[in-house]
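Written below as structure tokens is the structure these notes are about.
Protein chains: 2
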Amino acid sequence: MIIYLKDELIMEKSPSYETILLQMGCKSTKSRKAIIQLLINAEIPLSAKEIFYFIKESGVSINLSTVYRTLEIMESNGLLDKCMSDDRVRYQLILEGSKHHITCTSCHKSIPLSICPLKTIEKDLVNKTHFDIKGHKLEVYGLCPKCRKKEY
Amino acid sequence: MIIYLKDELIMEKSPSYETILLQMGCKSTKSRKAIIQLLINAEIPLSAKEIFYFIKESGVSINLSTVYRTLEIMESNGLLDKCMSDDRVRYQLILEGSKHHITCTSCHKSIPLSICPLKTIEKDLVNKTHFDIKGHKLEVYGLCPKCRKKEY
DNA sequence: CTGTCTGCAAAACGTTTGCATGGCG
DNA sequence: CGCCATGCAAACGTTTTGCAGACAG
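Dropping the structure here:
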């Protein structure tokens, strides 16, 4: 868990299980708790299968269908980002106030960023494209300090 | 086809089939030509199945396996971006010098952008995260002028 | 107690693969 | 002509679905 206080660039902000469940508007069950908790703690985007196995190996019995169904609810509530990562479909919690990440292409660790470079160009973009801009997504890729060392 | 000359923000740059084939380092066939040409002309990210049907309906006989195999080659050569778009896996040509797009969430039309807002913050990012930044991806979402009107 | 959620098994779907044939260079 | 690419069909992995029983509120 990385926390840089007074740093405007890097940020780690963990929502609570309760908050997320509330936003999902559904009942609290042990499966959902395990899935949400895992996504909160995960530093890398996870596939449905990975989520399933992680939880199973932690001793909580769970079914793959339940994982898919829970992810579906979270996604439709705008809480989860479904993306292609490492050539697989993976899911990552959308942290409030932090839509952007810097991700390691080697270990897939993902650190949320608090900056948003789009703010500077958004108005200009609207003027040129006449789009009604609803949102955006920024992903930065590279090697984290640890993996950098491994590659000498 | 949108072209704004002398505009630093929006850009449309079409590579040729020959250039792409050369970068792929493989034989020229009618299937590959059809796939690459379609991706060059497409204004929206396409799924494998869509590519397959578009080409078939244009009168060129083609097989789904061939589509997948060609997309695989293009992707591994860094010519194609495989992403989740409209909740499906879709492919989009990576235009040289233009890695970013503004995409309509309604009709999925995608316009390449020539600006790169990351340049301004990249150095700062390196200092803070100590990542060896290899690349990045920016996607802007919204409603294009046409779809804006449809929604009154 | 009621409606929602889960587990299970089967189905549906998307993607990959092996092999024989076809076609580019 | 030799090798690479294609078509086909089957295999494979992922995701979805229907249903009966379990459980939260």
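Protein sequence lines correspond, in order, to chains A and B.
The first sequence: position 121 = 255 (this note's numbering), numbered continuously.
The second sequence: position 73 = 207 (this note's numbering), numbered continuously.
The beta carbon of each residue, even a glycine, is placed where N, CA and C say it ideally should be.
Checklist entry - Based on Cα-Cα distance, which residue from A:Ile228, A:Val260 and A:Ile255 lies nearest to serine 112 (chain A)? => result This structure leaves residue 112 (chain A) out entirely; chain A is present only between 135 and 286.
Checklist entry - Would you report the Cα separation of proline 149 (chain B) and leucine 173 (chain B), rounded to the nearest angstrom? => result Distance between the alpha carbons of proline 149 (chain B) and leucine 173 (chain B) is about 10 Å.
Checklist entry - By how many angstroms is the C-alpha of serine 199 (chain A) removed from the C-alpha of valine 274 (chain A)? => result The alpha-carbon of valine 274 (chain A) is positioned some 32 Å away from that of serine 199 (chain A).
Item to check | Proximal residues of chain A, C-beta to C-beta of tyrosine 275 (chain B) below 9 Å | outcome: In chain order, Phe265, Ile267, Lys268, Gly269, His270 and Lys271 make up the part of chain A whose C-beta sits under 9 Å from the C-beta of tyrosine 275 (chain B).
Checklist entry - On the premise that serine 210 (chain B) lies in contact with glutamine 226 (chain B), defined as a C-beta separation below 8 Å, what is that separation, rounded to the nearest angstrom? => result Between serine 210 (chain B) and glutamine 226 (chain B) the Cβ distance is about 16 Å, and since that is not below 8 Å, they are no contact.
Item to check | Per-residue contacts from lysine 216 (chain A) into chain B (C-beta, under 9 Å) | outcome: What lysine 216 (chain A) touches in chain B: Met218 and Asp221.
Checklist entry - Given that lysine 252 (chain B) touches chain A, what residues does it touch there, using C-beta distances under 9 Å? => result Lysine is not the amino acid found at residue 252 (chain B); the sequence shown has leucine there. In chain order: Pro251, Leu272 and Val274.
Item to check | Given arginine 224 (chain A) as reference, the closest of A:Gly159, A:Gly276, A:Glu177 and A:Lys283 once Cα atoms are compared | outcome: Nearest C-alpha to arginine 224 (chain A) among A:Gly159, A:Gly276, A:Glu177 and A:Lys283: A:Glu177.
Checklist entry - Mind pulling the chain B residues with CB within less than 7 Å of arginine 203 (chain A)? => result Chain B residues near arginine 203 (chain A): none, gap ~15 Å exceeds 7 Å.
Next on the checklist: Below 8 Å on the Cβ atoms is my contact criterion, and I expect cysteine 278 (chain B) with cysteine 241 (chain B) to pass it. Report the Cβ-Cβ distance as a whole number of Å.
Outcome noted: Between cysteine 241 (chain B) and cysteine 278 (chain B) the Cβ distance is about 6 Å, and since that is below 8 Å, they are a contact.
Next on the checklist: Helix, strand or coil for aspartate 256 (chain A)? Go by DSSP, reduced to three states.
Outcome noted: Here residue 256 (chain A) turns out to be glutamate, not aspartate, going by the sequence shown. Glutamate 256 (chain A): helix per DSSP, three-state reduction.
Checklist entry - Between A:Thr237, A:Asn261, A:Lys262 and A:Arg282, which lies nearest to proline 179 (chain A) when the distance is taken from Cα to Cα? => result Out of A:Thr237, A:Asn261, A:Lys262 and A:Arg282, A:Thr237 has the C-alpha closest to the C-alpha of proline 179 (chain A).
Next on the checklist: For cysteine 217 (chain B) and lysine 271 (chain A), I'd like the C-alpha separation in whole angstroms.
Outcome noted: Taking the straight line joining both Cα atoms gives about 12 Å.
Next on the checklist: With three or more beta-carbon pairs closer than 8 Å as the criterion, would you say the stretch 190-197 of chain A touches the stretch 157-173 of chain A?
Outcome noted: Contact between the stretch 190-197 of chain A and the stretch 157-173 of chain A is present, because at least three Cβ pairs lie under 8 Å.
Checklist entry - Can you give the beta carbon distance from isoleucine 170 (chain A) to leucine 155 (chain A), rounded, assuming they're within the 8 Å contact cut? => result With a Cβ gap of about 7 Å, isoleucine 170 (chain A) and leucine 155 (chain A) count as contacting.
Next on the checklist: Just to confirm, is the Cβ distance from glycine 159 (chain B) to phenylalanine 265 (chain A) under 8 Å?
Outcome noted: No; because the gap between Cβ atoms is not below 8 Å, this pair is not in contact.
Checklist entry - chain B beta carbons: is any one of them nearer than 8 Å to that of isoleucine 137 (chain A)? => result The predicted model places isoleucine 137 (chain A) with a pLDDT of 36, which falls under 50 and marks its position as unreliable, so this point remains unresolved.
Item to check | Per-residue DSSP class, three states only, for leucine 180 (chain A) | outcome: Note: leucine 180 (chain A) maps to strand in three-state DSSP.
Item to check | Segment limits, beta strand (DSSP E) that includes threonine 163 (chain A) | outcome: Careful: threonine 163 (chain A) lies outside any beta strand (DSSP E) and carries neither H nor E.
Checklist entry - So with Cβ pairs under 8 Å, would you call cysteine 160 (chain B) a contact of chain A? => result Cβ-Cβ to chain A under 8 Å: no for cysteine 160 (chain B).
Checklist entry - Just how far apart, CA to CA, sit lysine 257 (chain B) and phenylalanine 188 (chain B)? => result C-alpha separation (whole angstroms): 43 Å.
Checklist entry - Is proline 279 (chain B) close to chain A, meaning its C-beta is less than 8 Å from at least one C-beta of that chain? => result Yes, proline 279 (chain B) counts as interfacial toward chain A.
Checklist entry - For a contact meaning CB atoms closer than 7 Å, what does isoleucine 255 (chain B) contact in chain A? => result Ile249 and Pro251, listed in chain order.
Next on the checklist: Buried or exposed, going by whether 16 or more other CB atoms sit within 10 Å of the CB of threonine 254 (chain A)?
Outcome noted: Threonine 254 (chain A) comes out exposed.
Item to check | Sequence-distant residues of its chain with Cβ nearer than 6 Å to lysine 183 (chain B) (five each side left out) | outcome: Excluding its 5 nearest sequence neighbours in each direction, lysine 183 (chain B) has no C-beta neighbour in its own chain below 6 Å.
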